[in-house]
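Under numbering that gives the first Met the number 0, think of the first position of the sequence shown as 0, with each following residue one higher.
For glycine and all other residues, C-beta sits at the position ideal for the given N, C-alpha and C.
Every value quoted in this text rests on a predicted model; they were computed, and no experiment measured them.
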Amino acid sequence: MKRVALTLCALLTLGGLASASDAAMGEKLGDDYKSASPKDKCIKIAVAYADKVFKGSKETRAAQAAIDEIFLAYVNKGETSEAKLKLLGELRNQTETECKALNDARRKENKKAPYVRHKEPNSNLQLAVLQSYVVDTAGPTPSLDKLGCLKLVRECTSWFANNSLVLAYLSEALARDEAYAKADHAGKLTIIRDLAVDKKLMSDQERKYLGKAVLSDWMTHELKGGKNADQLLEAVKALGKKGLICFFTRSWAEGILKQLKLVR
């Protein structure tokens, strides 16, 4: 609850500051900016960033604050938390797609044209929107079944904004799940794999952290039982071939076990 309160407090502060910043962008970028749609305003700011129109930290902060204000106004057109999340994703996807097309056009005219980077809204804004949606959809202590809503969260928000909360939600839900608690290491890894690959509720980065916890416990148990590093390396390779662990988890485990051969 404290995390939610702090995020919402930051968002309210953001809304008050950014209005003046959007007006400042109008003065900086001209009448075309003032009359532009939300998507086109974001594109014009991104192009100005690329072309180094903004001078100094004050102007770049104002530009980011204007992006935040544009997104906040757009998101608040939604009447429900789900609608707000979808609007956030809609504007993000529109501006990202437009930037890609714009870069192709700019590079055709000039191969050395600066790359136009899609500008993300403040992570606190994205966190506030996604938290509101998850609470409304899945409740305060969601089960794994209820967390199917994370698929939409991942589609509509950036990984940099959502990854820590996605990992926290899934970690806590797994800790409460009876089937997960009763499963052996392969069973736990299968559940994690299904959440990541089949249900698309997390990226390989979150999957890596969950898988590392399972493999750490399993390797400790196997070593105490008399297995050696070579035997565990073969077992890890088998888990990888079955798709029960991702590349990052496998690389991490193999790196440890190869060093273990040198010290044990």
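Contact check, residue i vs residue j, beta carbons under 8 angstroms
i, j, result
"Val74", "Cys98", "no"
"Ile66", "Pro120", "yes"
"Cys155", "Lys85", "yes"
"Ala160", "Leu126", "yes"
"Ala182", "Ile191", "no"
"Leu232", "Glu221", "no"
"Tyr48", "Ala64", "no"
"Ile42", "Thr96", "no"
"Ile69", "Lys40", "yes"
Residue burial classification, residue i (beta-carbon count within 10 angstroms, cutoff 16)
i, result
"Thr219", "exposed"
"Pro113", "exposed"
"Lys248", "Reading off the sequence shown, one finds Thr at residue 248, where the question assumed Lys. Classification for Thr248: buried."
"Leu16", "The pLDDT assigned to Leu16 is 44, lower than 50, so where the model puts this residue is not dependable; a value taken from the coordinates is nonetheless given after this. Result: exposed."
"Lys207", "buried"
"Trp251", "buried"
"Lys57", "exposed"
"Lys107", "exposed"
"Ala45", "buried"
"Arg263", "exposed"
"Lys83", "buried"
"Ala104", "exposed"
"Thr136", "buried"
"Arg60", "exposed"
Close Cβ partners of residue i (< 8 angstroms) along its chain, the five nearest in sequence each way excluded
i, result
"Glu205", "Asn162, Val165, Leu166, Leu169 and Ala195"
"Arg153", "Asn161, Val165, Lys199, Leu200, Met201 and Ser202"
"Val235", "Leu214, Ile244, Arg249, Ala252, Glu253 and Leu256"
"Ser122", "Ser157, Phe159 and Ala160"
"Ala100", "none"
Top-ranked residue by Cα proximity to residue i, from the options
i, options, result
"Ser36", "Asp21, Tyr48, Asp50 and Ala49", "Asp21"
"Val134", "Leu146, Gln125, Leu124 and Asn123", "Leu146"
"Asp203", "Leu259, Arg105 and Gly242", "Gly242"
"Leu209", "Gln93, Glu171 and Glu177", "Glu171"
"Leu151", "Glu221, Lys211 and Leu87", "Leu87"
"Phe53", "Leu231, Lys33, Lys240 and Ala23", "Ala23"
"Asp216", "Asp103, Gly239 and Ala185", "Ala185"
"Ala212", "Gly224, Ile244, Lys240 and Gly239", "Ile244"
"Asp50", "Lys38, Ala180, Trp158 and Leu28", "Leu28"
"Leu90", "Asp103, Glu78 and His117", "His117"
"Asp197", "Leu149, Ala180, Ala174 and Glu78", "Leu149"
"Val128", "Leu71, Phe246 and Lys240", "Leu71"
"Asn92", "Lys240, Asp30 and Lys38", "Lys38"
Residues near residue i in its chain [Cβ-Cβ closer than 6 angstroms; skip 5 each side]
i, result
"Ser131", "Ser80"
"Ala228", "Leu256, Leu259 and Lys260"
"Leu143", "Ala172 and Asp176"
"Gly225", "none"
"Phe246", "none"
"Lys240", "none"
Residues near residue i in its chain [Cβ-Cβ closer than 7 angstroms; skip 5 each side]
i, result
"Val3", "Low confidence applies to Val3: its pLDDT is 45, below 50, so where it sits in the model is not reliable enough to give any reading."
"Leu188", "Gly210, Val213, Leu238, Leu243 and Ile244"
"Asn102", "Tyr114 and Val115"
"Tyr179", "Leu173, Lys187 and Ile190"
"Tyr32", "Met24, Gly25, Lys40 and Lys43"
"Gly55", "none"
Which parts of the region 73 to 127 are runs of the alpha helix (DSSP H), unbroken and 4 residues or longer, counting only runs that do not cross its ends?
As for any alpha helix (DSSP H) of minimum length 4 sitting wholly inside the region 73 to 127, the runs are 80 to 108, ordered along the chain.
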